[in-house]
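Residue numbers (this note's numbering), protein chains in the order written: chain A, 773 to 1183; chain B, 9 to 164.
Below: the structure, in structure tokens.
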Amino acid sequence: MPEREVKLTIGPQHPMLKEPESFLLTLRGEKITDMTVRLGYNHRGIEKACEGRTYIQDMYLVERVCGICSHSHSTCFIQAVEEIAGLQVPKRGLYIRTLISELERIHSHLLWLGVAGHEIGFDTLLMYTWRDRELVMDILALLTGNRVNYGMNTIGGVRRDITAEQIPQILSTIDTLEERTKYYVQVGTQEITLRERLSGVGKLSKEDAIHLGAVGPTARASGVNRDVRHDDPYAVYGELSFNVITDDHSDVYGRTLVRLGELMEAYKLVRQILKQMPEGPIVVKAPRKIPAGQAISRYEAPRGEDVHYVKANGSDKPERVKVRAPTLANVQVVAHMLKDGYLADTPIVIAAIDPCFSCTDRAIATTNIDNGRTDRMDWPTLRTYGIDWYSKQGIDFAELNRKLRTMRESN
Amino acid sequence: MGLVQKIVTWARIKSPWIIHFNTGACNACDIEIIAALTPIYDVERFGVILRGTPRHADVLVCSGPVTRQIKDRLIRIYEQMPEPKFVVAVGTCACSGGVFNGCYNVEGGIDQVIPVSAYIPGCPASPKAIIDGVVKLLASVDNASRPAKEAVVSGT
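So, in structure tokens, the structure goes:
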């Protein structure tokens, strides 16, 4: 009997998903032939809300784009605002910012390791890593006053200083975590069940990773050496020495190894930061009104490159804020990775990009000015509309496309 | 209260099965809910188990403000749960809409859509607050003189 195509909807409420998302899988037997994602269940309209609030209020709002990489979003936003205002943040402030961002990376990667274990039915790993994760959560609570959504940043610096008594506490926790991570590396590389389960699942070749615009550990596990901290150093990364971890496995196993490697690098970075941290002020006074201008800021969040665009108009509120969260770049990659894979691999393949749909969710609705009708546009229509609109403005994408293609070929 | 009823109440309090549903949260509260289930905080010692389907669950744990797109789904999940059912709103957003109040896609707190039995405020609600809320909810179920549907607030 020939196999029929079956369409399977997963979500928005599903034991596999931690967030409300909807995936429509097309199956032929056990194999996935196609997948579409339906975004928008988590869409709250933060970009629009930012326009109605002042810069200081926006900082706290942007922090709540995502509750795992909250420091990433607020730092990325503030870097753009500081660039427009032309503020020189004191060195110590930048060091503290970087310290928190590395601690956040530790907590996020440990969290991911546990979730990955859970998705393959290895709940022991979940319980182990989450127990250890509490150590770094305690340090974050000690330094910032809150476990998540730290509220550490302010325009022109940071809000809290680090005292001398806190440093030994951080260092001893980092030592413990390093020991534990070494054990996880041992589990990851030597435990046969884990290795066999993850190897060959969710394959993504280097060419595809570049072509589809994968970011973060997902791209680095496919051998793409791309890390904003290294390529375009922000804060104090230019003064620190660290390795960009890449791997050639190009599958979920590779992504696990990259994240474990990044954990070890993060411990090294935290020690360096505490050693090199200069004395001095932590914040400069920032004007309430930001002069007109625009800026794009890049930041390497635990999940990949985060991009914020801010346009100021001289008042105390921004005119436009745009967030490109790392998961948005990676979500197309998931559709590609799932193709020709097995249904049973879906949870771990989706989890392997470390998805954060609260960052990603967006809705597209267009209102026709002529007749006031509101329509939903699908992706190809929107794309054609965009190209037409820009060509009317005198911007031709054909030339850019050609350049991009030659770049890709030379890569 | 008859003997059978007493046994039923006892069983309900000793093993409340929960389902977690993210109604538009930023993930912070969701992570704290999972953290409450892992070894350091371990609400499983109260018999709490996370289930995958609303049909198995007694308690619906919601986090986040209700977005317009999730509203119908939330009502559907609530209706799928067997009686008696309890709803716990975790986090400031779930209690009142929080920072997202006034956003075009946000309806407000959970209680705008379905009845809520316990409110656990905090941004995010820490695992300790979640445990406090769960224990208070169970105590309110245990206390037969008190109507179980009256909302409890953690930390008070």
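We put the CB at the ideal spot given by N, CA and C, even for glycine.
Determine, using beta carbons only, whether residue i comes closer than 9 Å to chain B.
i: cysteine 838 of chain A; result: yes
i: leucine 898 of chain A; result: yes
i: glutamine 941 of chain A; result: no
i: arginine 931 of chain A; result: no
i: serine 944 of chain A; result: no
i: glycine 889 of chain A; result: no
i: glutamine 785 of chain A; result: yes
i: glutamate 1037 of chain A; result: no
i: methionine 1109 of chain A; result: no
i: valine 1016 of chain A; result: no
i: methionine 909 of chain A; result: yes
i: glutamate 775 of chain A; result: no
i: glutamate 876 of chain A; result: no
i: asparagine 997 of chain A; result: no
i: tyrosine 832 of chain A; result: yes
i: valine 1095 of chain A; result: no
Note down, in chain order, every chain D residue with its Cβ under 7 Å from the Cβ of residue i.
i: tyrosine 112 of chain B; result: Absent here is chain D; the protein component of the structure consists of chains A and B.
Comparing the C-beta of residue i with each C-beta of chain A, is any distance below 9 Å?
i: glutamate 40 of chain B; result: yes
i: cysteine 34 of chain B; result: yes
i: valine 142 of chain B; result: no
i: cysteine 103 of chain B; result: no
i: glycine 72 of chain B; result: yes
i: arginine 81 of chain B; result: yes
i: isoleucine 85 of chain B; result: yes
i: glutamine 77 of chain B; result: yes
i: isoleucine 128 of chain B; result: no
i: glycine 10 of chain B; result: no
i: alanine 43 of chain B; result: yes
i: valine 96 of chain B; result: no
i: serine 153 of chain B; result: The predicted position of serine 153 of chain B is uncertain, since its pLDDT is 43 and thus under 50; a value taken from the coordinates is nonetheless stated next. It does not: the Cβ of serine 153 of chain B has no partner Cβ on chain A nearer than 9 Å.
i: isoleucine 222 of chain B; result: For residue 222 of chain B there is no data in the structure shown, the boundaries of chain B being 9 and 164.
Confirm, please, whether the CB-CB distance from residue j to residue i is below 9 Å.
i: leucine 796 of chain A; j: methionine 807 of chain A; result: yes
i: alanine 97 of chain B; j: isoleucine 118 of chain B; result: yes
i: arginine 992 of chain A; j: threonine 1018 of chain A; result: yes
i: glycine 99 of chain B; j: isoleucine 128 of chain B; result: yes
i: valine 887 of chain A; j: alanine 1123 of chain A; result: yes
i: isoleucine 840 of chain A; j: proline 1074 of chain A; result: yes
i: isoleucine 1045 of chain A; j: threonine 926 of chain A; result: no
i: histidine 845 of chain A; j: threonine 75 of chain B; result: no
i: phenylalanine 1014 of chain A; j: lysine 1047 of chain A; result: no
i: aspartate 933 of chain A; j: arginine 864 of chain A; result: yes
i: glycine 1076 of chain A; j: proline 989 of chain A; result: yes
i: tyrosine 900 of chain A; j: tyrosine 832 of chain A; result: no
Grouping DSSP H, G and I as helix and E and B as strand, with all else coil, what is residue i?
i: aspartate 119 of chain B; result: helix
i: tyrosine 112 of chain B; result: coil
i: arginine 1180 of chain A; result: helix
i: arginine 1092 of chain A; result: strand
i: arginine 1070 of chain A; result: strand
i: aspartate 150 of chain B; result: helix
i: valine 1103 of chain A; result: helix
i: glutamate 791 of chain A; result: coil
i: glycine 858 of chain A; result: coil
i: isoleucine 128 of chain B; result: strand
i: valine 973 of chain A; result: coil
i: phenylalanine 54 of chain B; result: helix
i: alanine 156 of chain B; result: Per-residue confidence for alanine 156 of chain B stands at a pLDDT of 48, beneath the threshold of 50, marking its modelled position as unreliable; the derived number appears in the next sentence. In this structure, alanine 156 of chain B counts as coil in the three-state DSSP scheme.
i: leucine 1012 of chain A; result: coil
i: leucine 984 of chain A; result: coil
i: alanine 97 of chain B; result: strand
i: methionine 1169 of chain A; result: Checking the sequence, you will find phenylalanine at residue 1169 of chain A rather than methionine. Phenylalanine 1169 of chain A falls in the helix class under three-state DSSP.
i: threonine 164 of chain B; result: Per-residue confidence for threonine 164 of chain B stands at a pLDDT of 47, beneath the threshold of 50, marking its modelled position as unreliable; no derived number is given.
i: valine 69 of chain B; result: strand
i: phenylalanine 894 of chain A; result: coil
i: isoleucine 782 of chain A; result: strand
Quickly, what does DSSP pair residue i with across the bridge? List them, please.
i: methionine 807 of chain A; result: A:Leu797
i: histidine 1080 of chain A; result: A:Ser1069, A:Val1095
i: glutamate 777 of chain A; result: A:Arg800
i: tyrosine 955 of chain A; result: Answer by DSSP bridge pairing: none, since tyrosine 955 of chain A is not bridged.
i: valine 1056 of chain A; result: Partner(s): none; valine 1056 of chain A has no beta bridge.
i: threonine 926 of chain A; result: A:Gly929
i: valine 74 of chain B; result: B:Gly116
i: histidine 7 of chain B; result: There is no way to answer for residue 7 of chain B, as the model of chain B reaches only from 9 to 164.
Assuming residue i contacts residue j under a Cβ cut-off of 8 Å, what Cβ separation, rounded to an integer in Å, is found between them?
i: aspartate 1133 of chain A; j: glycine 812 of chain A; result: 6 Å
i: isoleucine 27 of chain B; j: leucine 82 of chain B; result: Contact flag wrong, Cβ pair sits at about 12 Å.
i: asparagine 109 of chain B; j: glutamate 791 of chain A; result: The Cβ separation is near 21 Å, so there is no contact.
i: arginine 1070 of chain A; j: valine 1082 of chain A; result: The pair is not a contact, with the Cβ atoms about 13 Å apart (cut-off 8 Å).
i: serine 1130 of chain A; j: cysteine 838 of chain A; result: 6 Å
i: threonine 830 of chain A; j: valine 1055 of chain A; result: A quick correction: the sequence has aspartate, not threonine, at residue 830 of chain A. Not quite, the Cβ-Cβ distance comes to about 18 Å (not below 8 Å), so this is no contact.
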